[in-house]
Amino acid sequence: MSKLKLLFSGRACFVLLTPILIVLALGAPRSVWAQDAQPRAFSFNREAEAAMREGEAAFARNDMDAALKAYQRALSLDPTIYEAALFTGDVYFQKRDMKKAGEWYAKAIALNPNRETAYRYWSDALLRSGQMEEALDKAIEAIIAEPYNQMSYRGLIQWAQVNHVQPGHPQIDYSTVEALNRSNTLREAIETLRARMTAAPNSTATASKTGGTTDDTQNSSTAATLTKLNDAGLLEAFVLLAHSNERIAREYEEYRKNNREKLRRYLREFVVKRESA
1029 MSKLKLLFSG RACFVLLTPI LIVLALGAPR SVWAQDAQPR AFSFNREAEA
1079 AMREGEAAFA RNDMDAALKA YQRALSLDPT IYEAALFTGD VYFQKRDMKK
1129 AGEWYAKAIA LNPNRETAYR YWSDALLRSG QMEEALDKAI EAIIAEPYNQ
1179 MSYRGLIQWA QVNHVQPGHP QIDYSTVEAL NRSNTLREAI ETLRARMTAA
1229 PNSTATASKT GGTTDDTQNS STAATLTKLN DAGLLEAFVL LAHSNERIAR
1279 EYEEYRKNNR EKLRRYLREF VVKRESA
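For the sequence shown, position 7 matches number 1035 in our numbering, and the numbering has no gaps at all.
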């Protein structure tokens, strides 16, 4: 049995493209999504590489003790192997030791905090342990790590299904979306949104008094949404996570360096909408 099949058979994974996933992931165009990684070596250290391959073979035949020993040997030979820590966590996941699995996923994250996999797997382990808020935290971190990777959203999808929540980005009118698509920089996109906010400051009142057109209603709704995001200081996070393009996406890593908390707030307050929020 392959490692992927074994992992999915042992977890409550929801891998189909559900409507929730479509709402979330289509916030950025397909051209922005990361491509599936190609098979590669785990390490330039030949002994460590051999140990990793040995661990994978043991995992595939469901010999978790042998897999654990091999992964640990690989990590001792090359302490930088992200997958050695990650797969050690997977072994403990299969052993139903979710606390220990989380400890090893944390070690993988320490090796590379900008890869989504360990966050997502940790979210899964926490979900199985009934730690819902902690599971949500890790699912959100997976998205922040790699927002243009479709896999990053699966932790949130799984959490949402268990908790009967339907997450989604705030909606804005089509003309504003098109204007964002034409933007070349994050700054240009923000200027576009602020112009939309101020273009019709009284549109809501006008539409309600005159029974305005559908366009009037959409414009006023968009202005209200953008104003709320702006007041929260989250317009940039909204653009980067919901309406990025190939040009704007290049700015994400630099933005994330000093704004992880804003990205977290946006996802919690505007994407994961709950009655208690």
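All C-beta atoms in this analysis are idealised placements derived from N, C-alpha and C, irrespective of residue type, glycine included.
Query                                                                                                                                              : Result
Taking the alpha carbon of Asn1212 as the reference point, which residue from Thr1108, Arg1278, Trp1150 has its own alpha carbon closest?          : Arg1278
Rounded to whole angstroms, what is the Cα-Cα separation between Tyr1147 and Leu1164?                                                              : 10 Å
Mark His1271 as exposed unless 16 or more other C-beta atoms lie within 10 angstroms of its C-beta, in which case mark it buried.                  : buried
In its own chain, which residues sit with a C-beta less than 7 Å from the C-beta of Val1205, not counting the 5 before and 5 after it?             : His1271
Taking the alpha carbon of Val1193 as the reference point, which residue from Arg1296, Ser1071, Glu1282, Ile1276 has its own alpha carbon closest? : Arg1296
Rounded to whole angstroms, what's the CA-CA distance from Leu1268 to Ile1276? Just pull it up for me.                                             : 7 Å
Does the pairing of the region 1069–1087 with the region 1102–1115 give three or more beta-carbon distances under 8 Å?                             : yes
Helix, strand or coil: which one does DSSP assign to Val1267?                                                                                      : helix
As a quick exercise: from Lys1127, Met1080, Ala1086, pick the residue whose alpha carbon is nearest that of Glu1111.                               : Met1080
Would you say Arg1089 and Ile1172 are within 9 Å of each other, going by their C-beta atoms?                                                       : no
In the structure shown, what three-state DSSP assignment does Leu1023 receive?                                                                     : It is not possible to answer for residue 1023, since the shown part of the chain is limited to 1029 through 1305.
Could you have a look at Thr1255 and say whether DSSP puts it in helix, strand or coil?                                                            : helix
Just to confirm, are Leu1262 and Lys1285 a CB contact at a threshold of 9 Å?                                                                       : no
Use the C-beta contact count for Gly1158: other C-beta atoms within 10 angstroms, 16 or more gives buried, fewer gives exposed.                    : exposed
Would the C-beta of Ile1171 count as close to the ligand GTP, meaning under 8 Å from any of its heavy atoms?                                       : Annotation note on the ligand GTP: not contained in the displayed structure, which lists no ligands.
With a threshold of 16 other CB atoms inside 10 Å of the CB of Pro1175, please say whether the residue is buried or exposed.                       : buried
Could you check how far apart the C-beta atoms of Leu1154 and Gly1117 are, in whole angstroms? I think they sit under 8 Å.                         : Not really, about 12 Å apart at Cβ, beyond 8 Å.
Under 7 Å Cβ to Cβ from Trp1132, same chain only, skipping five residues before and after it: list those, please.                                  : Ala1113, Thr1116, Gly1117, Tyr1120
Any idea if Glu1282 is buried or exposed, counting beta-carbon neighbours within 10 angstroms, 16 or more meaning buried?                          : exposed
Between the Cα of Ala1223 and the Cα atoms of Gly1196, Leu1254, Tyr1202, Asn1209, which residue gives the shortest distance?                       : Leu1254
Between the Cα of Lys1123 and the Cα atoms of Arg1101, Asp1091, Lys1135, Pro1198, which residue gives the shortest distance?                       : Asp1091
Would Arg1293 and Ala1265 qualify as a contact pair, given that the criterion is a beta-carbon distance under 9 Å?                                 : yes
In whole angstroms, what separates the C-alpha of Glu1216 from that of Arg1210?                                                                    : 9 Å
Return helix, strand or coil for Gly1083, following the three-state DSSP convention.                                                               : helix
In angstroms, rounded to a whole number, what distance separates the CA positions of Gly1196 and Leu1214?                                          : 21 Å
Cβ of Ala1167 within 9 Å of Cβ of Leu1184?                                                                                                         : yes
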